[in-house]
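Colleague: Plus 909 on top of the position in the sequence shown (first one is 1) and you've got my numbering. Note that beta-carbon positions come from the ideal geometry of N, C-alpha and C, so glycine has one too. Here the structure is a predicted model, which means the values were calculated and not measured. There's a structure below that I have some questions on.
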Amino acid sequence: MTVDLGQQTSTRPFDPVSISPLSFWELTNEEREPSFKILRDERPVSWHPPIEGALIAPEVDGVWAVTRHEDIAYVSKNPDLFCSGQGVMIEALPEDVLEAVMSFLAMDGPQHSSTRRLISSVFTPRQVAKIKDQIEFQAVSIVDDLLKTKDGDFVQQVSKRLPMWTIYEMIGLAPEKREHGAHLADAIMGWNDADVAGGREPGEVLIDTLVGLLELSLELTEERRAHPREDLASLLVQAEIDGRRLTDEEIAAFFVLLSVAGNDTTRNTVSFTTMAFQQFPDQQALLAQDFDGRIKPAMEEFMRWASPISTFRRTATQDTELKGVEIKQGDWVVMMYGSGNRDERVFNDPNVFDITRAPNPHVALGGGGPHYCMGAFLAKMQLEALYRQLTFRAPSLRVGEPTYMTSNFVRAVKSLPYTLD
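Okay, structure coming up:
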């Protein structure tokens, strides 16, 4: 895709390969890949217009796109040069929305470290192992229900159910409220998607979904103050960071973040993986031949292929240089995870789905550094449990044409028709 260079307002020339229009983010990974390949090969750090469809006008006149794997890792691992505290999305958000949705992600330094220690204590392998049997039971139940049908929407019937149950079980949200919470979490990143908006303005979509999630959180916080249990909500209510208790607003911000991260990433990895197995049936056969021996490397390929998070932004804290390109203090630097996961310098045949790929240093969970995904172990436990059931009990599963959410932040499948023979 190209941009009309005659319309630029930046003093720096925009790259002729544009990532800025919403139409670019309506494309599939495969359709975007030729553009990313040009950038990786010729201009791995490139300057682009501000992203189309932003809720508020950005204070910057462009963004740097980082498309190579090694550079994504460098930006991720150097928070002193590239900070998160000024926002993590490729577009600007109102300050109050940023605090409510992204407060933890948009932290730096000691504040981020102390907060991460608190939350990550719930996501350690030892803690997650406590619900392993329940996750496996849920996976069995989900496939039981799938086998009772002949067709339907795979996203609703399968992809969303296990991550929805898992994250809200850990948080402590009542079962009757989980479907509503997951629906809001699905919608909160899709304010530029016409189906999600349903005729509403983008800002209205974001506020409606955010208010709904905050209400769920405040209700749960009040319940746990009165009646604490062994769940994440109770931990947050009772916890102290740097000698003080968390406010209701801070707890709500965690609730929103965990609702979105816990639902969206695993759900979309399941959808894209199921589509990949249909496109590459030899890989499904390989997994069935030796599930226990191959599932661990397979899950890394599931995540590389899906790349459920499309972008993350950092802000330059000082004048610096990346790949010979001068970056000024305050410039927005955006990591293109989908591009990094197709980088031929790191992955042989990157456009082939290969469950035996090793090593597989994908950046689907971030490029390393302090913001690496703390829920990685939990996500893999869910993927293993679900694909153990799907591989052996639903080999005749077939999926049709998906519909995708328009988003420059997450890579999401809205619906995916399926049939069973």
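For S1324, which residues does DSSP report across the bridge?
Modeller: Per DSSP, T1312.
Colleague: Ends of the beta strand (DSSP E) at W1100?
Modeller: Element bounds for W1100: n/a, residue is neither H nor E.
Colleague: Considering R1254, what are the terminal residues of the alpha helix (DSSP H) in which it resides?
Modeller: Element bounds for R1254: n/a, residue is neither H nor E.
Colleague: Are there any heavy atoms of the ligand FMN lying less than 7 Å away from the beta-carbon of T1183, as far as the coordinates show?
Modeller: Within the structure as shown, the ligand FMN is missing, as the structure has no ligands at all.
Colleague: Chain B beta carbons: is any one of them nearer than 8 Å to that of A1197?
Modeller: No chain B is part of this structure, which consists of one protein chain only.
Colleague: So does the stretch 1078–1085 actually touch the stretch 1139–1147, counting three or more Cβ pairs closer than 8 Å?
Modeller: In short, these stretches touch, since the Cβ pair count reaches three.
Colleague: From G1247 to Y983, what does the alpha carbon distance come to, in whole angstroms?
Modeller: The alpha-carbon atoms of G1247 and Y983 are separated by roughly 16 Å.
Colleague: Would you kindly work out how many angstroms separate the C-alpha atoms of V926 and T937, rounded to a whole number?
Modeller: 16 Å
Colleague: May I ask you to report which of helix, strand or coil DSSP gives A1148?
Modeller: coil
Colleague: Count the CB pairs spanning the stretch 1294–1308 and the stretch 1193–1212 that are closer than 8 Å, and state whether there are at least three.
Modeller: yes
Colleague: What residue does the beta strand (DSSP E) around T1220 start on, and which one ends it?
Modeller: 1220–1225
Colleague: Pop quiz: K1059 and L1329 are said to be a contact at Cβ under 8 Å. What is the actual Cβ separation, rounded to whole angstroms?
Modeller: The pair is a contact, with the Cβ atoms about 6 Å apart (cut-off 8 Å).
Colleague: Rounded to whole angstroms, what's the CA-CA distance from L948 to M1208? Just pull it up for me.
Modeller: 28 Å
Colleague: How long is the line joining the alpha carbons of I965 and S929, rounded to whole angstroms?
Modeller: Taking the straight line joining both Cα atoms gives about 15 Å.
Colleague: What residue ranges within the stretch 1051–1088 form continuous alpha helix (DSSP H) runs of no fewer than 4 residues, ordered along the chain?
Modeller: 1070–1080
Colleague: Of the residues L1167, I981, P953, G996, which one's Cα is nearest the Cα of W1241?
Modeller: G996
Colleague: If you count every other CB in all the chains shown that lies within 10 Å of the CB of S1305, and 16 or more means buried, which is it?
Modeller: exposed
Colleague: Are S1216 and G1090 closer than 8 Å when you measure CB to CB?
Modeller: no
Colleague: Around the C-beta of K1039, are 16 or more other C-beta atoms found within 10 angstroms, so that it is buried, or is it exposed?
Modeller: exposed
Colleague: Take E1045 and list the residues in its own chain whose beta-carbon comes closer than 6 Å to its own, dropping the five residues that flank it on each side.
Modeller: Setting aside the 5 residues that flank it on each side, E1045 is surrounded in the same chain by A1294, each with a C-beta closer than 6 Å to its C-beta; the list follows chain order.
Colleague: Just reading off the beta strand (DSSP E) that S955 is part of, what are its end residues?
Modeller: 954–957
Colleague: CB-CB under 6 Å to S955, same chain, minus the five flanking residues each way: which ones, in chain order?
Modeller: D924, L948, A974
Colleague: Touch check for the stretch 1119–1139 and the stretch 1171–1179: three-plus C-beta pairs under 8 Å?
Modeller: no
Colleague: In terms of residues, what are the limits of the alpha helix (DSSP H) holding I960?
Modeller: Neither: I960 is in no alpha helix (DSSP H) and is coded neither H nor E.
Colleague: In chain order, what residues of the same chain lie with their CB nearer than 7 Å to the CB of N1269, ignoring the 5 residues before and after it?
Modeller: P1206, E1209, E1210, R1213
Colleague: Between the C-alpha atoms of E942 and D1151, what's the straight-line distance to the nearest angstrom?
Modeller: 45 Å
Colleague: Give the range of the alpha helix (DSSP H) segment to which A1207 is assigned.
Modeller: 1200–1215
Colleague: Return the CA-CA distance between A1161 and N1257, expressed in angstroms with no decimal places.
Modeller: One C-alpha to the other measures close to 43 Å.
Colleague: Tell me the rounded alpha-carbon separation between F1186 and I999.
Modeller: 31 Å
Colleague: For G859, which residues of its own chain have a beta-carbon under 7 Å away from its beta-carbon, when the five flanking residues on both sides are left out?
Modeller: For residue 859 there is no data in the structure shown, the boundaries of the chain being 910 and 1330.
Colleague: Please list, in chain order, all residues of the same chain as F1331 whose beta carbon is under 7 Å from its beta carbon, the five residues on each side excluded.
Modeller: Any question about residue 1331 goes unanswered here, given that the chain covers just 910 to 1330.
Colleague: Which of the three DSSP states, helix, strand or coil, is assigned to M1245?
Modeller: Strand, per DSSP.
Colleague: Using CA atoms only, rank isn't needed, just tell me which of S944, L931, P959 is closest to P922.
Modeller: P959
Colleague: Just verifying my parser: in three-state terms, what is the DSSP assignment at R1307?
Modeller: strand
Colleague: Compare the C-alpha of M1314 against each of V1255, L1055, S1180 and name the closest.
Modeller: Answer by Cα proximity: S1180.
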